[in-house]
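**Student:** Take the sequence shown: its letter number 187 is residue 187 in UniProt numbering, and every next letter is one higher.
Glycine residues also receive a C-beta, built at the ideal position from the N, C-alpha and C atoms.
No experiment lies behind these values; they were computed from the predicted model shown.
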Amino acid sequence: MYAITISEPGGPEALVWSEVPDPVPGEGEVLIDVVASAVNRADVVQRQGFYDPPPGASPYPGLECSGRIAALGPGVSGWAVGDEVCALLAGGGYAQKVCVPAGQLLPVPDGMDLVTAACLPEVTATVWSNVFMVAHLSPGETFLVHGGGSGIGTMAVQLAKAVGARVAVTAGSADKLEACRELGADILIDYREQDFVEELHKVTGGVGADVVLDIVGAKYLARNVDALAVNGRLVIIGLQGGRKAELDLGTLLTKRAAVMGTSLRGRPLAEKATIIAAVREHVWPLVAGGRVRPVVDRTMPMAEAAEAHRVMEQSAHVGKILLTA
1 MYAITISEPG GPEALVWSEV PDPVPGEGEV LIDVVASAVN RADVVQRQGF
51 YDPPPGASPY PGLECSGRIA ALGPGVSGWA VGDEVCALLA GGGYAQKVCV
101 PAGQLLPVPD GMDLVTAACL PEVTATVWSN VFMVAHLSPG ETFLVHGGGS
151 GIGTMAVQLA KAVGARVAVT AGSADKLEAC RELGADILID YREQDFVEEL
201 HKVTGGVGAD VVLDIVGAKY LARNVDALAV NGRLVIIGLQ GGRKAELDLG
251 TLLTKRAAVM GTSLRGRPLA EKATIIAAVR EHVWPLVAGG RVRPVVDRTM
301 PMAEAAEAHR VMEQSAHVGK ILLTA
């Protein structure tokens, strides 16, 4: 088969479409003939040499895919060869074939084409696990998501609105903010020209956000805590703004707030299976019913993954960038 390989860390040119051995499904795994994958910020970090796959995972980038089951490994039940699926991966999505634990499979939502389904597993699993399973966002609460125009952001806006939350977003362009508004965002903050803490407190009458989903990390830590309401919950899922920061713990104590950090890729298989089961139960009906939809910026051939990474790094896209095998 062919896959995108990384001979050594570097820029987008480090991604090379190469012939590699076919994977073989092990115990509890299925082999998927990949139709499409999607680009995630984590793929860029892996290409740069800062985010190695977990032990035993495919060395190729790609944290999600869609396709058809080509073979079942020992011990797999409930799925059949030929089933159209999408899957959460620990790696290997940028390839013509990939093996995945059966617990990380999802059926393609009713009425959705197979290519588009590739953009759902990572964002839905990330948003549902963090915003709802960890931070317990509830109807009537105020939710702030940074990077509202990203794949994570566009899904977070929709799921938060679907459960009855008030949604605030930050983004760096008028086009991205307008896209968020069309998806249901109530509070639009241009982080280039506005201080998100001031704007959020202004709109909420000084109350702040009950839940903040953050992809920035250190650069926003203190301001995120300032933005929290009493009993607020900050969930950090990215480090685009650095790893280390100082925090006034007095503010945290006064607000009786919580700061949590999570990652998805390296979790044990049982935890991933639990998250995927929750996504299938809670999110898939919303997708099938049209209340939540994937946002696709563009679709490109997988062999052109280097160009897709350039687009990702320019941050001008809205939603997901798909790669077709």
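Should A135 go down as buried or exposed, given a rule of 16 or more other Cβ atoms within 10 Å for buried?
**Tutor:** buried
**Student:** Looking only at C-alpha atoms, which of V85, Q46 and S58 sits nearest to A70?
**Tutor:** If we check each option's Cα against that of A70, V85 comes out closest.
**Student:** For the beta strand (DSSP E) containing M260, name the first residue and the last one.
**Tutor:** A258 to G261
**Student:** Using the DSSP secondary-structure output, state which residues sit across from P107 in a beta bridge.
**Tutor:** V85
**Student:** Which of the three DSSP states, helix, strand or coil, is assigned to Y2?
**Tutor:** strand
**Student:** Relative to the C-alpha of A257, which residue among N224, W284 and A245 is closest?
**Tutor:** N224
**Student:** Straight-line CA distance for D187 to P25?
**Tutor:** Here the sequence assigns Ile to residue 187, which means Asp is not the residue at that position. Roughly 46 Å separates the two Cα atoms.
**Student:** What did DSSP end up calling T170 once you bin it into helix, strand or coil?
**Tutor:** strand
**Student:** Straight-line CA distance for A3 to E246?
**Tutor:** 42 Å
**Student:** Going by DSSP in three states, N40 sits in which element: helix, strand or coil?
**Tutor:** In the structure shown, the three-state DSSP call for N40 is coil.
**Student:** Would you list, in sequence order, the uninterrupted alpha helix (DSSP H) runs of no fewer than 4 residues that lie entirely inside the stretch 153 to 225?
**Tutor:** 174 to 183 and 196 to 203
**Student:** Could you please give me the residues that DSSP links to V311 through a beta bridge?
**Tutor:** According to DSSP, which records beta bridges pairwise, V311 is partnered with nothing at all.
**Student:** Since V34 sits in a beta bridge, which residues does DSSP pair it with?
**Tutor:** In the DSSP assignment, V34 forms a beta bridge with G67.
**Student:** Report the rounded CA-to-CA distance for R280 versus E13, giving the unit in angstroms.
**Tutor:** 37 Å
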